[in-house]
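Data first, discussion second: the structure below is written as structure tokens.
Protein chains: 2
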Amino acid sequence: MGYTLNDLKRINTHSNRGMGLENDINVSNQFYLINDIAVIYKKPTPITISKVAYPSRYEAKIKEGYFKTPSTTDYNGIYKGKYIDFEAKETTSKTSFPLSNIHSHQITHLRKIIKHGGIGFLIVRFSTLNETYYLDGQELMHFLDTNNKKSISLSFFKEKGYLIKDKIQPRVDYLKIIDNIYFGGNL
Amino acid sequence: MGYTLNDLKRINTHSNRGMGLENDINVSNQFYLINDIAVIYKKPTPITISKVAYPSRYEAKIKEGYFKTPSTTDYNGIYKGKYIDFEAKETTSKTSFPLSNIHSHQITHLRKIIKHGGIGFLIVRFSTLNETYYLDGQELMHFLDTNNKKSISLSFFKEKGYLIKDKIQPRVDYLKIIDNIYFGGNL
Chain H
13 MGYTLNDLKR INTHSNRGMG LENDINVSNQ FYLINDIAVI YKKPTPITIS KVAYPSRYEA
73 KIKEGYFKTP STTDYNGIYK GKYIDFEAKE TTSKTSFPLS NIHSHQITHL RKIIKHGGIG
133 FLIVRFSTLN ETYYLDGQEL MHFLDTNNKK SISLSFFKEK GYLIKDKIQP RVDYLKIIDN
193 IYFGGNL
Chain U
13 MGYTLNDLKR INTHSNRGMG LENDINVSNQ FYLINDIAVI YKKPTPITIS KVAYPSRYEA
73 KIKEGYFKTP STTDYNGIYK GKYIDFEAKE TTSKTSFPLS NIHSHQITHL RKIIKHGGIG
133 FLIVRFSTLN ETYYLDGQEL MHFLDTNNKK SISLSFFKEK GYLIKDKIQP RVDYLKIIDN
193 IYFGGNL
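From first to last, the protein sequence lines are chains H and U.
To convert, take the position in the first sequence, counting from 1, and add 12; that gives this note's numbering.
To convert, take the position in the second sequence, counting from 1, and add 12; that gives this note's numbering.
What follows is the structure, encoded as structure tokens:
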């Protein structure tokens, strides 16, 4: 169709960047899966289905449904024998991450995961700054237990979290941070 | 409304039994969760949403969607620090469980889980016999790797699997089997 390589690169970058953090994590998880590094998936969006039609014997079509509030986080799986569980969020703020972005039962869920020996965390992208941080669940819970703030400042992420550097493959290499914290790796 | 206790018991039994194995596992998982024993959930059904309407500013309504083939198993979570992953199926057959009930990518998924150090298994209910079995992923993979049968016989479940006895609470106590196999518990 007469596209130059640069055109294709730009289009590809746009279509991938378009979906933001969620897409970046999904392609990172695919990379981990294909390379047999980890098995981590995003859970499907929870939906209440109220009407289904059957246009043919082999086809079911949802005619009415509603989004449900999720009771858990979006992502879970296994890495080096450990249970992995996290939520990923973007904010356009340049200074802090509003805690209203996370449901209280997602916090409760992460607490339980940590208590039962899993690795729970947040991935937060400050999209205006194009900076993505890993914040371990232990630090998050300590924050929530020791103050009543409605948001977590960027400086807290810088101090207690880890910047996940942009890479080509995998795009959001959060397992590298986990290697460092939980498996004695080097950043 | 004039119901006797026995009426209510029967109605309650019926409404719960109605949904079969899936419901029994869900209430068992709730029991595990409430009693802080394990954190295990059924994943939402994967759906492709093609049309959404917004009847009001705060309401989103799905107007068209389709069921997707799941790429993983239905249930996962954490128990005693271990990653848990399984699929649950019912069959009306009295003699064998047809392997066509499980998607090939669900088998692939369970293989990966086991390779990465997780506990993967099947729960199969022979509903006509009212017998529910735990079949560990290791046994399942050995079966699939050593023959070309299209189904797993009930006798194989009896020999290599574990009968999960009906209980009041939790109804399908599959973690008891896991205790025995993986944590040196007594059946």
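Where is the CB? At the ideal position from N, CA and C, for every residue including glycine.
Note that this is a predicted model, so its numbers are computed, not measured.
Between the CA atoms of residue j and residue i - distance to the nearest angstrom
| i | j | result |
| --- | --- | --- |
| Val51/U | Phe98/H | 14 Å |
| Asn24/H | Ile37/H | Residue placement at Asn24/H is poorly supported in this model, since its pLDDT is 42, which falls under 50; the coordinates still yield a value, given next. Rounded to whole angstroms, Asn24/H to Ile37/H spans 16 Å at the Cα level. |
| Gly30/U | Leu147/U | Bear in mind that the predicted position of Gly30/U carries a pLDDT of just 41, short of 50, making it unreliable; the figure below should be weighed with that in mind. Distance between the alpha carbons of Gly30/U and Leu147/U is about 24 Å. |
| Asn28/U | Gly32/H | Reliability of the predicted coordinates at Asn28/U is poor, the pLDDT of 41 falling under 50, and no value is obtained from them. |
| His121/H | Lys54/H | 16 Å |
| Thr107/U | Ile180/U | 27 Å |
| Asn113/H | Thr158/U | 50 Å |
| Glu102/U | Thr140/U | 10 Å |
| Tyr186/H | Asn41/H | 10 Å |
| Asp191/H | Ile90/H | 13 Å |
| Thr104/U | Ile189/H | 48 Å |
| Lys127/H | Met153/H | 11 Å |
| Ser83/H | Asp48/U | 16 Å |
| Val136/U | Phe155/U | 15 Å |
| His204/H | Ser165/H | Lying before the first or after the last residue shown, residue 204/H is absent from chain H, which here runs from 13 to 199. |
| Ser167/H | Lys161/H | 14 Å |
| Ile46/U | Val39/U | 10 Å |
| Ala100/U | Gly93/H | 22 Å |
| Val184/H | Val184/U | 39 Å |
Given residue i as reference, the closest of the options once Cα atoms are compared
| i | options | result |
| --- | --- | --- |
| Pro110/H | Lys127/H, Tyr91/H, Lys92/H and Leu134/H | Leu134/H |
| Lys80/H | Ile61/H, Met153/H and Ala72/H | Ile61/H |
| Asn35/U | Lys162/U, Gly77/U and Asp86/U | Asp86/U |
| Lys177/H | Tyr145/H, Gly196/H and Glu171/H | Tyr145/H |
| Phe138/U | Phe195/U, Gly197/U and Lys170/U | Lys170/U |
Continuous beta strand (DSSP E) stretch holding residue i: start and end
| i | result |
| --- | --- |
| Thr144/U | Glu143 to Asp148 |
| Asp178/H | Looking at the DSSP string, Asp178/H is not in any beta strand (DSSP E), and its letter there is neither H nor E. |
| Asp97/H | Lys94 to Thr103 |
| Asn88/H | Tyr87 to Tyr91 |
| Phe109/H | Ser108 to Pro110 |
| Ser163/H | Ser163 to Ser165 |
| Ile52/U | Ala50 to Lys54 |
Cutoff 7 Å; reference residue i; Cβ partners in own chain excluding five residues on either side
| i | result |
| --- | --- |
| Leu20/H | Interpretation of Leu20/H is limited by its pLDDT of 38, a score under 50 that renders its predicted location unreliable; the figure taken from the coordinates is listed afterwards. Closer than 7 Å at Cβ, skipping near neighbours: no residue. |
| Lys124/U | none |
| His117/U | Ser83 |
| Ser163/H | Ser108, Phe109, Pro110 and Leu111 |
Contacting residues, own chain, Cβ-Cβ under 6 Å from residue i (five flanking each side not counted)
| i | result |
| --- | --- |
| Gly130/H | Tyr95 and Asp97 |
| His26/U | Note that His26/U scores a pLDDT of 41, beneath 50, so its modelled location is shaky; the value from the coordinates is reported in the next line. Cβ within range, chain order: n/a, list empty. |
| Lys75/U | Lys63 and Ala65 |
| Gly197/H | Asp191 |
Start-to-end residues for the alpha helix (DSSP H) that takes in residue i
| i | result |
| --- | --- |
| Phe138/H | Phe138/H -> not in any alpha helix (DSSP H); beta strand (DSSP E) instead, spanning Ile131 to Phe138. |
| Gly120/U | One detail in the question is off: residue 120/U reads as Thr in this sequence, not Gly. First-last of the alpha helix (DSSP H) with Thr120/U: Ser116 to Lys127. |
| Tyr70/U | It is not in any alpha helix (DSSP H) - Tyr70/U carries neither H nor E in the DSSP assignment. |
| Lys188/U | Tyr186 to Tyr194 |
| Ser40/U | Gly32 to Ile46 |
Whole-number beta carbon distance between residue j and residue i, since they are thought to touch under 8 Å
| i | j | result |
| --- | --- | --- |
| Pro182/U | Tyr70/U | Incorrect: roughly 37 Å between the Cβ atoms, too far for contact. |
| Leu175/U | Glu143/U | 6 Å |
| Thr200/U | Pro56/H | The structure shown does not extend to residue 200/U, since chain U spans only 13 to 199, so no value can be given for it. |
| Lys73/U | Tyr194/H | Between Tyr194/H and Lys73/U the Cβ distance is about 42 Å, and since that is not below 8 Å, they are no contact. |
| Gly149/H | Gly173/H | That belief does not hold up - the Cβ atoms of Gly149/H and Gly173/H are roughly 11 Å apart, past 8 Å. |
| Ile59/H | Ile59/U | 6 Å |
Own chain partners of residue i with C-beta closer than 8 Å, once the 5 adjacent residues on each side are dropped
| i | result |
| --- | --- |
| Asn18/H | The predicted model places Asn18/H with a pLDDT of 44, which falls under 50 and marks its position as unreliable, so this point remains unresolved. |
| Asn88/H | Ile52, Tyr53, Lys55, Tyr95, Ile96, Asp97 and Phe98 |
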